[in-house]
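Novice: Can you keep this structure in mind? I'll have questions shortly.
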Amino acid sequence: MGKSTYRALVIASLGIPLFGMLAEYGFDLVPHELTDLSQSLLMQSEVGPTDWIFLLALSVLVVLGLISFYGLLRFRAWAPRFTLWSSVATWVVACFSPPLVLSGLGNATSALGFALFGAVLALPYYAPEVREMFWPSKPED
């Protein structure tokens, strides 16, 4: 696998879910009744300190995600480990997120993005040619 193929996987793991999200909201793929029900459930409770903490954590995760994607695209030695730990942090914060209503396209594109991201995360550890891109071996004298 070459650098351009790996970069394409990194970009696709972010681009495909973004495309699905834009298509979902652009074409109103979720029925209005479900959207209204979801919004009414979210608006029934008052905004509390935990909501602000969640919003702050989500903002930090967006920044961490951008840093990790930069590192993966530029083949920085710190990027795979940083991405792994920021993914764990994302998983923890996602446990406290409110429920989401997705269309079939939104669900499929997010699942495909997660699968591609799993491959992007695993390749530096399990594929020797990708490992060499992140951690080049020093030539023996």
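The working numbering puts the first residue of the sequence shown at 311, with every later residue one more than the last.
Ideal Cβ positions, reconstructed from N, Cα and C, are used throughout, including at glycine.
1) Taking DSSP as the reference, what is the three-state secondary structure of Ser-378?
2) Under three-state DSSP, which class holds Ser-258?
3) Determine the direct distance from the alpha carbon of Pro-446 to that of His-342, and round the result to whole angstroms.
4) Which residues in the same chain as Pro-434 place their Cβ atom closer than 7 angstroms to its Cβ, once the five residues preceding and following it in sequence are excluded?
5) Among residues of its own chain, excluding the 5 on either side of Trp-388, which ones have a beta-carbon nearer than 7 angstroms to its beta-carbon?
6) State whether the region 365–380 contacts the region 392–406, with contact taken as three or more CB pairs (one from each stretch) at a distance under 8 angstroms.
7) Should Phe-385 and Val-320 be called a contact, given that it needs their Cβ atoms to be closer than 8 angstroms?
8) Would you tell me roughly how many angstroms separate the C-alpha atoms of Ala-437 and Val-430, rounded to the nearest one?
9) Let me make sure I understand the geometry here. Which of Ser-348, Ala-399, Ser-350, Gln-354 has the alpha-carbon closest to that of Val-372?
10) Closest to Asp-338 by C-alpha separation, out of Gly-428, Leu-426, Leu-412, would be which residue?
11) For Leu-332, which of Phe-392, Gly-428, Gly-416 has the nearest alpha-carbon?
12) Kindly indicate which three-state DSSP category Ser-413 falls into: helix, strand or coil?
Specialist: For this structure:
1) Taken through DSSP and simplified to helix, strand or coil, Ser-378 comes out as helix.
2) No answer is possible for residue 258: the residues shown for the chain start at 311 and end at 451.
3) Distance between the alpha carbons of His-342 and Pro-446: 53 angstroms.
4) Here the set comprises Pro-390, Val-440, Arg-441, Phe-444.
5) Excluding the 5 residues flanking it on each side, Trp-388 has same chain C-beta neighbours closer than 7 angstroms at Gly-381, in chain order.
6) These segments touch.
7) No.
8) Here the C-alpha atom of Ala-437 lies approximately 11 angstroms from the C-alpha atom of Val-430.
9) Taking only the C-alpha atoms, the option nearest Val-372 is Ala-399.
10) Checking every option, the nearest Cα to that of Asp-338 belongs to Leu-412.
11) The shortest Cα separation from Leu-332 among Phe-392, Gly-428, Gly-416 belongs to Gly-416.
12) Reduced to three states, the DSSP call for Ser-413 is coil.
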